[in-house]
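In what follows, a single structure is set out as structure tokens and then discussed.
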Amino acid sequence: MSQPARSPFVDSLLQAASQMQLPGRGIAWLDAARHDNLAAFAVAGLPDTRVEAWKYTALRALAQRSLVLGDAHAAERAIDLQALRLPSLDGPRLTFVHGVFRADLSKLDELPQGLSLQPLSEVLRGEAEPLRFALAKHYREAGDAFAQLNAALAGDGVVLRVAAGVKIAQPVHLLFLGAPAETELAWHARNVIELGEGAELSLFEHHAGLGGQQHLGNLVSDVVLREGAKLQHTALQDSASGSSLIRRSQLRLHARAHASLHVLELGGVLSRHELQAELVGDEAQLETRGVFALNGRQHADTQLAIRHQALRTRSASVWRGVADERSRGVFRGAIVVAEGADGTDASLSNKNLLLSAGAEIDTKPELEIYADEVKAAHGATVGQLDERALFYLRSRGIPLVEARGMLTAAFCRAVLDSLPHEILRNHLSDLLLAHLPNAPTIP
Amino acid sequence: MTMLKIENLHARVEGKEILKGLNLTVNAGEVHAVMGPNGAGKSTLANVLSGRDGYEVTAGSVSYNGIDLLALEPEQRAAAGVFLAFQYPVEIPGVNNTYFLRAALNAQRKHRGEQELDSMKFLKLVREKLKVMQISDELLHRAVNEGFSGGEKKRNEIFQMAVLEPQLAILDETDSGLDIDALKQVAEGVNALRAVSRSFILVTHYQRLLDYIEPDFVHVLADGRIVESGDKSLALKLEEHGYAWIGERHAPALAGGAQA
């Protein structure tokens, strides 16, 4: 082995990992994968900004921190769900505190027929073999540090399956919470989600925090849609203001599958979302919509990578970003149309708004096409509020501050308007408006 | 009663002097047409009066109901009753037309110390005004001017004017780009709003708008000054002889600054 890239962060995790008792220990293939990924991380360490995927997100500050691995008290921490003002959803809910399943905060009774929903920790104590494909991955790319850590250290998360042909009407709420603790923690969680042929599911992935703790969360989700399956996935990142969250979502869409994602990034001091989708079946369709609204010294980085690998697949992505004060937003949208993926229709639009001179947004759309008869469009802009529109509003009597708020809200909200679930749409819109400067109070 | 008094107004745009000593007095209830060739300063006048950025007043004064209009922010001018119908109304995606108009009306009312209208009262008002303007209420549910045709945009301006009920309405080339039917609708909307307490400044290049809105006064603006004033017959003369006729009558002015 070459000399590992040492830092307080790497040292603290490696040391703790050697003493960790993770669920699933003793399953040979899992032990091997965990060991292997940890070894790979030990060699590579955290990526620096010379790694292309991390060009605009520097981890120097994180590297200097020593974190406690996992939360030994996660099961007992007092959590007041009322204080979180959750949207009133009637469906099942799985709650995790620092990545550890909490039955007392979950709602798993009367699950609909055909929906299987379990914490990973429980599945690993029983029949783990079906998870082998998802969990026995070896991450080797430069920039995979957090995926490696996750593969090595995640012992809990969501295992969700919808049986073929089953339609789940109520959104399934996956709640990941951070809470005040004696020390700064690093937690890891892993989701494995599969929709059978023709199955339908609405999913609400929700990151929230109580208090201003500075934990690091690391979540990897695998989502597979079999032939003709339909997924509505809404993700709300509303973590505590000092916390960091790294997420990777890996989607795989088989023939005629249809996934629709809405993402709202609001919280945390450092948030990174890697959204990787592979359209592997003919006529698979993917829609992604997302917005980040940043202020203070927040840093949010969205890395969208869509790969068209089959005939007549379609993807449409609309992302918006707003950065105020000294915040920084990063968006990278890469679309690859592989050889043979003829008839692909791919579009990507990313528009960004800078609300202060101290804010920064870096956007980079990328398009690689190796097939024929492809329709592809992409564009990205970074700008300020339209002076003509501002004057128009003011000329009608709307004060400057309100006019700015109105235009900023309008800029972001278009992304959420297509969210079909009304309660979630309103919940996310309200949170977004509350997060924006001087947003109007009535819709 | 004098509503607006513009005296010796000089204004610059991007360092270039456009208005060069403009004088104009508008009394309550009067309709003034300001005509002139391209580049004479018509739109500059409209924009200076409504407070748009980028127009630098270098000399002169504008008094509106006895107050210094130029000292006010655009939204304060609106609340004081000044309305500009834009030559190019701006599309604002994501902002609903009805919501926008209610926010505008209530901001003005709040500024004037009046009670804000709740949504019921506001909708009642809007329905009344819609009838007058013959606007389809479908336009209300769309984003401000987004995807509107040229005629719809101009009618929407007049509709906003009807709801906001200004004292001084400045229409900046509202007739440009309109076919004859749309022009008539816009004119009918304006005529319906004429009142003893409300004044209009119609900025236009062509006489044809004045076939439908009868002005009390017609002014010819050339090279940053009003060079000729008269009644509506002046517009007809202009139509007959063209702006070159003005040039011959006011050669020194148009030659550029022979007057001090």
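Residue numbers (our numbering), protein chains in the order written: chain A, 1 to 443; chain B, 1001 to 1260.
Don't be surprised by glycine CBs; every beta carbon is placed ideally from N, CA and C.
Shortest Cα-Cα distance from V401/A to any of V374/A, P365/A and L355/A involves L355/A.
Between A259/A and L219/A the beta-carbon gap is near 18 Å, outside 8 Å, which marks them as no contact. Considering only beta carbons, the part of the stretch 374–401 of chain A lying closer than 8 Å to chain B consists of D386, E387, R388, A389, F391, Y392, L393, R394, S395, R396, G397, I398, P399 and L400, in chain order.
Here the C-alpha atom of L1168/B lies approximately 19 Å from the C-alpha atom of L1221/B. In this structure Y139/A is buried. Its beta-carbon is surrounded by 16 or more other beta-carbon atoms within 10 angstroms. Within the same chain, and ignoring the five residues on either side of N37/A in sequence, the residues whose Cβ sits closer than 7 Å to its Cβ are H138, Y139, Q148, A151 and A152. For T1044/B, the secondary structure class from DSSP, reduced to helix, strand or coil, is helix. Listed in chain order, the positions of the stretch 1048–1065 of chain B with a beta carbon within less than 8 Å of a beta carbon of chain A are S1050, G1051, R1052 and D1053. For L1164/B, the nearest beta carbon of chain A is closer than 8 Å to its own beta carbon. Look at the stretch 62–89 of chain A and you find no whole run of alpha helix (DSSP H) that is 4 residues long or longer. Every alpha helix (DSSP H) of 4 residues or more that sits fully in the stretch 1072–1099 of chain B is shown, in chain order, as 1074–1079. As the crow flies, the alpha-carbon of A316/A is around 27 Å from that of L175/A.
Per DSSP, the unbroken alpha helix (DSSP H) holding S121/A starts and ends at L120 to R125.
The three-state reading of DSSP puts N1065/B in coil, since its state is none of H, G, I, E or B. With its beta carbon at least 8 Å from every one in chain A, G1150/B lies outside the interface.
Along the length of the stretch 1109–1189 of chain B, whole beta strand (DSSP E) runs at least 3 residues long occupy 1168–1172, reported in chain order.
Q82/A and T95/A have their C-alpha atoms some 14 Å from each other. Per DSSP, G405/A is one residue of the alpha helix (DSSP H) stretching across L400 to R413. Of all residues in the stretch 1156–1180 of chain B, only Q1160 and L1164 come within less than 8 Å of chain A when Cβ atoms are compared, listed by chain position.
In the three-state DSSP reduction, H206/A falls in the strand class (E or B).
Counting other Cβ atoms within 10 Å of its Cβ, I1067/B stays below 16 and is therefore classed as exposed.
Taking the Cα of Q170/A as reference, the smallest distance to any Cα among L14/A, L203/A and L432/A is reached at L203/A.
Nearest to L1045/B by C-alpha distance, out of Q1087/B, Q1076/B, N1065/B and E1030/B, is Q1087/B. In the structure shown, P365/A adopts extended strand secondary structure according to DSSP, grouped into three states. If the five residues before and after R34/A are omitted, its C-beta is found closer than 6 Å to the C-beta atoms of A152, all from its own chain and listed in chain order. In this chain, the alpha helix (DSSP H) harbouring Q15/A covers P8 to A17. C-alpha of A1187/B to C-alpha of V1132/B: approximately 12 Å in a straight line.
Not a single C-beta of chain A is nearer than 8 Å to the C-beta of H1141/B. If only uninterrupted alpha helix (DSSP H) runs of at least 4 residues are considered, none is enclosed by the stretch 329–386 of chain A.
Between R314/A and V336/A, the gap from beta carbon to beta carbon reaches 8 Å or more. The shortest C-alpha to C-alpha distance from I168/A to any of L185/A, R252/A and G114/A is the one to G114/A.
Per DSSP, the unbroken alpha helix (DSSP H) holding N37/A starts and ends at A28 to A44.
E194/A counts as buried, since at least 16 other C-beta atoms from the protein chains shown sit within 10 angstroms of its C-beta. In this structure, H421/A is the residue among G211/A, H421/A and L225/A with its C-alpha nearest to the C-alpha of S88/A. CA-to-CA, the gap between E1014/B and V1057/B works out to about 12 Å. Inter-residue distance for K1184/B and K1129/B is about 17 Å (C-alpha atoms, whole angstroms).
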